[in-house]
Amino acid sequence: GMAVDWWSFGALGFDLLTGAPPFQGQNHAKIQERIVKQKLVMPYFLGPDAKDLLTRLLRKEPNKRLGSNMPKDMLLIKKHRFFRKIDWKKLARREIEPPIQPLITDPELAENFSTDFTDLALELRWRQREPVWRIQLCR
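Below you can see the structure in the form of structure tokens.
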């Protein structure tokens, strides 16, 4: 549902701002358990606006989560202090220059991706029940 999408947005934002996901574990079961049971802990270095936005997006109760009451919550999100420097009308018209523009010398190259990923071996598998190729990165 919509509330899950906003929770995912919060988790992605947390990861981008801190360098780690909000809940960690050795396997999917542990991560899911921590999502449900563990209190969200914000690193000290996040500013109050980031903490407020992430806390509201990562609420455990979907009906209390920011984003669960659309379209009203969209206005709350856009007006949140974390986004105070964004001119949403200019952004919609694509009039804002991105702060980081990667150098692309050849669209076929993966030059802007870490070698942690580009050096991984590929393994092609044919899945019997699904007529699609699955490319898996192998460590």
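So for the sequence shown, my numbering puts the first residue at 425; every next one is plus one. Even glycine gets a Cβ: it sits at the ideal position worked out from N, Cα and C.
Neighbourhood of residue i by C-beta distance below 6 Å, restricted to the same chain and skipping five residues each side
i    : result
P526 : N536
L477 : H504, F506
T442 : P467
K454 : none
D377 : Nothing about residue 377 can be reported from this structure: the residues present for the chain run from 425 to 563 only.
Residue span of the alpha helix (DSSP H) that contains residue i, given as start and end
i    : result
Q456 : 452-461
F541 : 539-542
D473 : 472-481
D497 : 496-503
Spatial neighbours of residue i in its chain, beta-carbon cut-off 8 Å, leaving aside the 5 residues before and after
i    : result
K475 : M466
F433 : L481, G491
Residues that DSSP places opposite residue i in a beta bridge
i    : result
A516 : A516 pairs with nothing; no bridge assigned.
Neighbourhood of residue i by C-beta, 7 Å cutoff - its chain only, sequence neighbours within 5 removed
i    : result
P446 : A435, F438, L464, L482
W431 : L481, L482, R489
K502 : W512
A444 : none
Does the stretch 442-461 touch the stretch 512-522, meaning 3 or more C-beta pairs lie closer than 8 Å?
-> no
Does the count of Cβ pairs from the stretch 435-453 and the stretch 488-497 closer than 8 Å reach three?
-> Touching, no, given that fewer than three Cβ pairs across the two stretches are closer than 8 Å.
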